[in-house]
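Participant: Numbering that gives the first Met the number 0 puts the sequence shown at residues 0 to 170. Note that the Cβ used here is the ideal one computed from N, Cα and C, for glycine as well. All figures in this text were calculated on a predicted structure; none of them were measured in a lab. Take a look at the following structure, please.
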Amino acid sequence: MAKTWGEGRRNVNELIELFEGFDRLSKDIVDSFIEAHERKKYLRQTLKRFEERGLIQKRSGLYKVTKRGTILFSRYRWAVKEDHPKAWDGKWRLISFDVPTKDNRERDLLRQALRKNNFYQLQQSVWIAPYEMTKEFWKFVVFNNLHKYCKIMLIEVLDGDEAMKKHFGLR
(Lines of atoms letter the chains of each structure in order from A and count residues from 1; the text may use other names and numbers.)
(Lines give C-alpha, C1' and ligand atoms only; values in the text may rest on other atoms or scores of the structure.)
Protein backbone atom coordinates (compact mmCIF):
# COMPACT_ATOMS: atom_id res chain seq x y z
CA MET A 1 0.00 0.00 0.00
CA ALA A 2 1.15 3.52 -0.62
CA LYS A 3 2.77 5.42 2.23
CA THR A 4 0.01 8.03 2.48
CA TRP A 5 -3.62 8.36 1.48
CA GLY A 6 -2.65 10.99 -1.11
CA GLU A 7 -0.06 8.72 -2.71
CA GLY A 8 -2.56 5.88 -2.85
CA ARG A 9 -5.11 8.16 -4.49
CA ARG A 10 -2.47 9.30 -7.00
CA ASN A 11 -1.69 5.66 -7.92
CA VAL A 12 -5.37 4.91 -8.45
CA ASN A 13 -5.83 8.07 -10.54
CA GLU A 14 -2.80 7.33 -12.70
CA LEU A 15 -4.02 3.83 -13.52
CA ILE A 16 -7.56 5.05 -14.12
CA GLU A 17 -6.19 7.69 -16.53
CA LEU A 18 -4.19 4.98 -18.31
CA PHE A 19 -7.32 2.91 -18.90
CA GLU A 20 -9.51 5.93 -19.69
CA GLY A 21 -10.96 5.73 -23.17
CA PHE A 22 -9.98 2.08 -23.64
CA ASP A 23 -11.94 -1.02 -22.78
CA ARG A 24 -8.76 -3.09 -23.04
CA LEU A 25 -5.00 -2.56 -23.05
CA SER A 26 -2.14 -4.93 -23.76
CA LYS A 27 -0.04 -6.15 -20.86
CA ASP A 28 3.02 -4.64 -22.58
CA ILE A 29 1.51 -1.14 -22.56
CA VAL A 30 0.54 -1.42 -18.89
CA ASP A 31 3.98 -2.79 -17.98
CA SER A 32 5.73 0.02 -19.89
CA PHE A 33 3.56 2.59 -18.11
CA ILE A 34 4.46 1.15 -14.71
CA GLU A 35 8.18 0.88 -15.56
CA ALA A 36 8.26 4.57 -16.52
CA HIS A 37 7.21 5.59 -12.99
CA GLU A 38 9.18 5.97 -9.79
CA ARG A 39 6.56 4.18 -7.70
CA LYS A 40 6.55 0.91 -9.66
CA LYS A 41 5.89 -1.26 -6.62
CA TYR A 42 2.84 0.74 -5.54
CA LEU A 43 1.38 0.93 -9.05
CA ARG A 44 1.72 -2.87 -9.37
CA GLN A 45 -0.04 -3.29 -6.01
CA THR A 46 -2.87 -1.02 -7.15
CA LEU A 47 -3.17 -2.93 -10.45
CA LYS A 48 -3.33 -6.21 -8.53
CA ARG A 49 -6.06 -4.80 -6.28
CA PHE A 50 -8.03 -3.74 -9.36
CA GLU A 51 -7.88 -7.36 -10.53
CA GLU A 52 -8.77 -8.79 -7.11
CA ARG A 53 -11.80 -6.50 -6.86
CA GLY A 54 -13.05 -7.39 -10.33
CA LEU A 55 -12.44 -3.95 -11.84
CA ILE A 56 -10.17 -5.33 -14.55
CA GLN A 57 -9.51 -8.82 -15.88
CA LYS A 58 -6.24 -10.12 -17.32
CA ARG A 59 -6.66 -12.57 -20.21
CA SER A 60 -4.37 -13.58 -23.04
CA GLY A 61 -1.93 -10.72 -22.51
CA LEU A 62 -4.69 -8.10 -22.28
CA TYR A 63 -6.16 -6.12 -19.41
CA LYS A 64 -9.89 -5.62 -19.90
CA VAL A 65 -11.94 -3.12 -17.88
CA THR A 66 -15.06 -4.82 -16.51
CA LYS A 67 -18.49 -3.21 -16.37
CA ARG A 68 -18.00 -2.76 -12.63
CA GLY A 69 -14.61 -1.16 -13.28
CA THR A 70 -16.07 1.27 -15.81
CA ILE A 71 -18.66 2.44 -13.27
CA LEU A 72 -16.19 2.72 -10.40
CA PHE A 73 -13.46 4.37 -12.48
CA SER A 74 -15.86 7.08 -13.62
CA ARG A 75 -16.79 7.73 -9.96
CA TYR A 76 -13.18 8.31 -8.95
CA ARG A 77 -12.04 10.09 -12.09
CA TRP A 78 -11.49 13.76 -11.34
CA ALA A 79 -13.41 16.27 -13.36
CA VAL A 80 -11.41 17.20 -16.43
CA LYS A 81 -10.41 20.83 -16.68
CA GLU A 82 -11.58 22.38 -19.93
CA ASP A 83 -10.22 25.61 -21.35
CA HIS A 84 -12.05 28.64 -20.05
CA PRO A 85 -13.06 31.58 -22.21
CA LYS A 86 -10.43 34.26 -22.64
CA ALA A 87 -12.81 37.11 -21.77
CA TRP A 88 -14.27 37.33 -18.29
CA ASP A 89 -17.94 38.35 -18.20
CA GLY A 90 -17.49 40.17 -14.85
CA LYS A 91 -19.50 37.60 -12.87
CA TRP A 92 -18.26 35.31 -10.14
CA ARG A 93 -19.43 31.71 -9.75
CA LEU A 94 -19.58 30.79 -6.09
CA ILE A 95 -20.06 27.32 -4.65
CA SER A 96 -20.95 26.90 -1.02
CA PHE A 97 -21.28 23.41 0.42
CA ASP A 98 -22.15 21.72 3.68
CA VAL A 99 -21.20 18.06 3.78
CA PRO A 100 -22.03 16.15 6.99
CA THR A 101 -18.99 14.95 8.94
CA LYS A 102 -20.01 11.33 8.39
CA ASP A 103 -19.42 11.92 4.66
CA ASN A 104 -15.79 13.09 4.83
CA ARG A 105 -14.90 11.13 1.69
CA GLU A 106 -17.47 13.08 -0.32
CA ARG A 107 -16.16 16.38 1.08
CA ASP A 108 -12.61 15.47 0.03
CA LEU A 109 -13.85 14.41 -3.41
CA LEU A 110 -15.63 17.75 -3.88
CA ARG A 111 -12.65 19.81 -2.68
CA GLN A 112 -10.28 18.01 -5.02
CA ALA A 113 -12.63 18.56 -7.96
CA LEU A 114 -12.86 22.27 -7.09
CA ARG A 115 -9.06 22.57 -6.89
CA LYS A 116 -8.60 20.75 -10.17
CA ASN A 117 -11.05 23.14 -11.83
CA ASN A 118 -9.14 26.19 -10.58
CA PHE A 119 -11.60 27.38 -7.99
CA TYR A 120 -10.27 29.74 -5.34
CA GLN A 121 -11.03 28.91 -1.71
CA LEU A 122 -12.70 32.01 -0.32
CA GLN A 123 -13.60 30.45 3.04
CA GLN A 124 -13.61 26.91 4.43
CA SER A 125 -16.59 25.64 2.41
CA VAL A 126 -16.94 28.53 -0.02
CA TRP A 127 -15.13 28.46 -3.36
CA ILE A 128 -15.19 30.94 -6.22
CA ALA A 129 -14.28 31.05 -9.92
CA PRO A 130 -14.68 33.71 -12.62
CA TYR A 131 -15.87 31.35 -15.37
CA GLU A 132 -18.82 29.05 -15.90
CA MET A 133 -18.40 25.58 -14.46
CA THR A 134 -17.54 23.03 -17.13
CA LYS A 135 -19.87 20.28 -18.30
CA GLU A 136 -17.36 17.70 -17.10
CA PHE A 137 -17.30 19.25 -13.65
CA TRP A 138 -21.12 19.15 -13.45
CA LYS A 139 -21.23 15.53 -14.67
CA PHE A 140 -18.71 14.63 -11.98
CA VAL A 141 -20.66 16.43 -9.22
CA VAL A 142 -23.99 14.89 -10.21
CA PHE A 143 -22.60 11.38 -10.87
CA ASN A 144 -20.99 11.35 -7.42
CA ASN A 145 -24.20 12.67 -5.82
CA LEU A 146 -22.40 15.75 -4.46
CA HIS A 147 -24.91 18.29 -5.81
CA LYS A 148 -27.20 17.71 -2.81
CA TYR A 149 -24.61 19.41 -0.57
CA CYS A 150 -23.98 22.44 -2.83
CA LYS A 151 -25.48 25.88 -3.30
CA ILE A 152 -24.42 27.69 -6.46
CA MET A 153 -24.51 31.47 -6.79
CA LEU A 154 -23.82 33.91 -9.62
CA ILE A 155 -22.46 37.17 -8.25
CA GLU A 156 -22.05 40.41 -10.17
CA VAL A 157 -20.78 42.58 -7.31
CA LEU A 158 -18.23 41.30 -4.82
CA ASP A 159 -16.65 43.79 -2.46
CA GLY A 160 -12.90 43.35 -2.09
CA ASP A 161 -12.41 41.07 -5.08
CA GLU A 162 -8.96 42.49 -5.95
CA ALA A 163 -7.11 39.45 -4.54
CA MET A 164 -9.28 37.08 -6.55
CA LYS A 165 -8.85 39.11 -9.72
CA LYS A 166 -5.10 38.98 -9.19
CA HIS A 167 -5.23 35.22 -8.49
CA PHE A 168 -7.11 34.58 -11.76
CA GLY A 169 -5.15 37.17 -13.77
CA LEU A 170 -8.23 39.31 -14.46
CA ARG A 171 -8.44 43.07 -14.95
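1) Rounded to whole angstroms, how far is the Cβ of residue 61 from the Cβ of residue 25, which I believe are closer than 8 Å?
2) Between residue 96 and residue 129, which are expected to be in contact by the criterion C-beta below 8 Å, what is the C-beta distance as a whole number of angstroms?
3) Give me the DSSP bridge partner(s) of residue 96.
4) Since residue 118 and residue 94 should fall inside the 8 Å C-beta cutoff, what is the C-beta to C-beta distance between them, to a whole number of angstroms?
5) For residue 69, tell me which candidate among 88, 28, 49 has the shortest Cα-Cα distance.
6) With a threshold of 16 other CB atoms inside 10 Å of the CB of residue 156, please say whether the residue is buried or exposed.
7) Straight-line CA distance for residue 41 to residue 150?
Facilitator: Working from what's here:
1) Sequence index remark: in the sequence shown, residue 61 carries index 62 (1-based). Sequence index remark: in the sequence shown, residue 25 carries index 26 (1-based). Residue 61 to residue 25, Cβ: 6 Å. Contact.
2) As a working mapping, residue 96 is identified with position 97 in the sequence shown. As a working mapping, residue 129 is identified with position 130 in the sequence shown. Incorrect: roughly 19 Å between the Cβ atoms, too far for contact.
3) Counting from one through the sequence shown, the residue named residue 96 turns up at place 97. According to DSSP, which records beta bridges pairwise, residue 96 is partnered with 149.
4) Along the sequence shown, read from residue 1 onward, the residue named residue 118 stands at position 119. Along the sequence shown, read from residue 1 onward, the residue named residue 94 stands at position 95. Contact holds; Cβ gap of about 7 Å.
5) Along the sequence shown, read from residue 1 onward, the residue named residue 69 stands at position 70. Minimum Cα distance to residue 69 is reached at 49.
6) Within the sequence shown, the letter at position 157 stands for residue 156. Residue 156 comes out exposed.
7) In the sequence shown, counting from the first residue as 1, residue 41 sits at position 42. In the sequence shown, counting from the first residue as 1, residue 150 sits at position 151. Those two C-alpha atoms are separated by around 38 Å.
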